[in-house]
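Heads up, the thing below is written out as structure tokens.
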């Protein structure tokens with residue numbers, strides 16, 4: 005805490021007075037008390053954004069799915085497990101935020117029913133009915149108030165930039181961070197990231213391979229610049 | 005390594021010359037490069053058995069699904085992801101083992117097809133076809149050679165002991181460790197465990213609540229006693 009205070013004192017407080025909400029990690033969608041559907045997100049990118057936002061002076065809330073990571077200093081962390089829990093935690097806190105960075109890899113589907121007791125296995129095949137989870141980013145885009153900035157993430161293995169541009173528009177984002185799982189140095193569990201930033205005005209920017217902390221600063225820089233350009 | 009050498013020198017080497025194989029952790033069953041089916045196992049119980057076996061002098065192999073745990077000193081670790089990979093890693097090493105402790109929570113089902121690219125989500129419901137995974141414990145029971153000892157685990161939320169006794173018989177185990185997810189101090193992620201040990205001759209034993217390390221020693225004690233009674 006002392007070291008963090010010193011590091012903060014040495015960091016320009018260019019986000020002081022801003023409220024930033026970040027989501028991170030995977031969600032887990034329960035089939036029963038034992039089994040679940042999930043994904044390979046480790047939460048590192050979102051945690052890096054939250055850590056940097058707090059160091060730069062923002063009042064920072066991190067809504068996190070299950071991860072093995074420590075809470076960054078200065079960050080208010082809210083733990084959730086499922087996509088429905090994340091939806092409630094995020095949407096209920098959205099109105100008061102200046103910037104929302106939705107880095108979590110939220111499960112698109114959940115088992116249509118969750119069994120209260122462990123399911124007994126049978127012989128042969130089984131079909132699992134999956135229901136669509138609520139779309140958090142779309143809801144944030146619909147409810148975005150004037151001046152609020154919304155940054156989404158897209159992770160694809162193919163047709164990344166076309167899908168990302170379409171997602172940016174459809175979800176009413178101001179900025180979208182597009183990650184390819186196929187790029188060396190990018191993706192789940194790595195400490196570095198390669199991403200293309202897409203902006204609502206059509207601009208695109210591809211920073212070089214850098215640490216997730218450095219990329220977090222670039223993301224926050226771009227959001228802050230948009231905020232200042234509008235003010 | 006020095007401290008471990010000292011601890012080992014102070015530990016009776018009652019498993020010297022024995023080969024022990026332990027499985028631990030969950031498996032992950034891929035839907036696509038991003039999504040998977042898994043379970044809440046952290047691997048702590050199996051890692052404790054492997055650690056204690058190595059300290060007691062056994063030549064110890066640990067076949068582990070994805071966990072956040074460090075490899076115990078003196079243990080040969082083999083990493084796998086899916087149930088099919090675990091099946092191959094275990095069955096190919098089974099013949100030379102004196103004791104096999106199958107503590108892993110192996111996924112019973114996998115997606116019938118794994119997509120090479122990330123699946124695009126659609127609107128509304130989806131059904132996921134699941135295929136049964138090979139039954140590792142049953143295969144080990146079928147191939148068990150004279151003198152080899154096989155210990156399985158059962159984790160249930162209801163009818164635990166009836167299901168465990170039936171599993172012990174059906175899978176040709178010598179011993180089965182039955183855990184209830186409903187007991188305080190037992191189950192996923194805890195450092196303690198409450199379990200009932202069931203034996204092929206019908207005996208049952210319920211040690212008091214204890215650390216997973218202490219329960220690991222009890223499990224190894226009982227296997228060693230069976231081995232010595234038969235010799």
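Chains as they are written, first to last, in my numbering: chain A, 5 to 235; chain B, 5 to 235.
Every residue gets a Cβ at the ideal spot worked out from N, C-alpha and C, and that includes glycine.
I need the straight-line Cα distance from residue i to residue j, nearest angstrom please.
{"i": "residue 170 of chain A", "j": "residue 133 of chain A", "result": "28 Å"}
{"i": "residue 118 of chain B", "j": "residue 126 of chain A", "result": "21 Å"}
{"i": "residue 139 of chain A", "j": "residue 187 of chain A", "result": "27 Å"}
{"i": "residue 81 of chain A", "j": "residue 28 of chain A", "result": "10 Å"}
{"i": "residue 198 of chain A", "j": "residue 196 of chain B", "result": "42 Å"}
{"i": "residue 73 of chain A", "j": "residue 49 of chain A", "result": "11 Å"}
{"i": "residue 222 of chain B", "j": "residue 209 of chain B", "result": "11 Å"}
{"i": "residue 224 of chain B", "j": "residue 71 of chain A", "result": "33 Å"}
{"i": "residue 5 of chain B", "j": "residue 228 of chain B", "result": "26 Å"}
{"i": "residue 75 of chain B", "j": "residue 30 of chain A", "result": "25 Å"}
{"i": "residue 91 of chain B", "j": "residue 121 of chain A", "result": "26 Å"}
{"i": "residue 215 of chain B", "j": "residue 163 of chain B", "result": "24 Å"}
{"i": "residue 103 of chain A", "j": "residue 16 of chain A", "result": "18 Å"}
{"i": "residue 19 of chain B", "j": "residue 12 of chain B", "result": "12 Å"}
{"i": "residue 87 of chain B", "j": "residue 158 of chain A", "result": "30 Å"}
{"i": "residue 218 of chain B", "j": "residue 151 of chain B", "result": "25 Å"}
{"i": "residue 129 of chain B", "j": "residue 136 of chain A", "result": "6 Å"}
{"i": "residue 22 of chain B", "j": "residue 189 of chain A", "result": "43 Å"}
{"i": "residue 47 of chain B", "j": "residue 226 of chain B", "result": "21 Å"}
{"i": "residue 35 of chain A", "j": "residue 89 of chain A", "result": "16 Å"}
{"i": "residue 194 of chain A", "j": "residue 105 of chain A", "result": "19 Å"}
{"i": "residue 211 of chain B", "j": "residue 7 of chain B", "result": "29 Å"}
{"i": "residue 230 of chain A", "j": "residue 97 of chain A", "result": "22 Å"}
{"i": "residue 173 of chain A", "j": "residue 173 of chain B", "result": "60 Å"}
I'd like the list of long-range same chain contacts for residue i, defined as Cβ closer than 8 Å, with 5 residues on each side in sequence excluded.
{"i": "residue 177 of chain B", "result": "141, 145, 154, 155, 156, 171 and 204"}
{"i": "residue 95 of chain A", "result": "140, 143, 144 and 147"}
{"i": "residue 185 of chain A", "result": "159, 160, 161, 191 and 192"}
{"i": "residue 32 of chain A", "result": "40, 41, 42, 69, 70, 85, 86 and 111"}
{"i": "residue 113 of chain A", "result": "33, 41, 134, 135, 136 and 137"}
Here's the rule I'm using: 16 or more other beta-carbon atoms within 10 Å means buried, otherwise exposed. How should residue i be labelled?
{"i": "residue 10 of chain A", "result": "exposed"}
{"i": "residue 232 of chain A", "result": "exposed"}
{"i": "residue 111 of chain B", "result": "buried"}
{"i": "residue 235 of chain B", "result": "exposed"}
{"i": "residue 101 of chain B", "result": "buried"}
{"i": "residue 2 of chain A", "result": "The shown model of chain A, from 5 to 235, leaves out residue 2 of chain A, and the question about it has no answer."}
{"i": "residue 166 of chain B", "result": "exposed"}
{"i": "residue 115 of chain B", "result": "buried"}
{"i": "residue 236 of chain B", "result": "Because chain B is modelled from 5 through 235, residue 236 of chain B falls outside the range shown and cannot be assessed."}
{"i": "residue 60 of chain A", "result": "buried"}
{"i": "residue 14 of chain A", "result": "exposed"}
{"i": "residue 131 of chain B", "result": "exposed"}
{"i": "residue 109 of chain B", "result": "buried"}
{"i": "residue 180 of chain B", "result": "buried"}
Please name the residue or residues paired with residue i in a DSSP beta bridge.
{"i": "residue 158 of chain A", "result": "A:182"}
{"i": "residue 43 of chain A", "result": "B:39"}
{"i": "residue 113 of chain B", "result": "B:136"}
{"i": "residue 67 of chain B", "result": "B:27 and B:82"}
{"i": "residue 203 of chain B", "result": "B:179"}
{"i": "residue 106 of chain A", "result": "A:27 and A:156"}
{"i": "residue 164 of chain B", "result": "DSSP output for residue 164 of chain B lists no bridge partner at all."}
{"i": "residue 75 of chain A", "result": "Paired residues: none, contrary to the question."}
{"i": "residue 214 of chain A", "result": "A:197"}
{"i": "residue 33 of chain B", "result": "B:41"}
{"i": "residue 131 of chain A", "result": "B:133"}
{"i": "residue 208 of chain A", "result": "A:202"}
Could you pull out every residue in the same chain whose Cβ sits closer than 6 Å to the Cβ of residue i, ignoring the five residues on either side in sequence?
{"i": "residue 79 of chain B", "result": "54, 58, 64 and 66"}
{"i": "residue 220 of chain B", "result": "52, 53 and 56"}
{"i": "residue 44 of chain A", "result": "192"}
{"i": "residue 62 of chain B", "result": "19, 22 and 24"}
Report all residues from its chain with a CB closer than 7 Å to the CB of residue i; omit the five preceding and five following residues, and keep chain order.
{"i": "residue 148 of chain B", "result": "154 and 176"}
{"i": "residue 182 of chain A", "result": "158, 164, 165, 168, 199, 200 and 202"}
{"i": "residue 213 of chain A", "result": "189, 196 and 198"}
{"i": "residue 207 of chain B", "result": "none"}
Does the ligand GDP have a heavy atom nearer than 7 Å to the CB of residue i?
{"i": "residue 10 of chain A", "result": "In terms of ligand content, the structure shown is empty, and the ligand GDP therefore cannot be addressed."}
If residue i and residue j are in contact, beta carbons under 8 Å, what's the gap, nearest whole angstrom?
{"i": "residue 77 of chain A", "j": "residue 84 of chain A", "result": "Contact flag wrong, Cβ pair sits at about 21 Å."}
{"i": "residue 26 of chain A", "j": "residue 107 of chain A", "result": "6 Å"}
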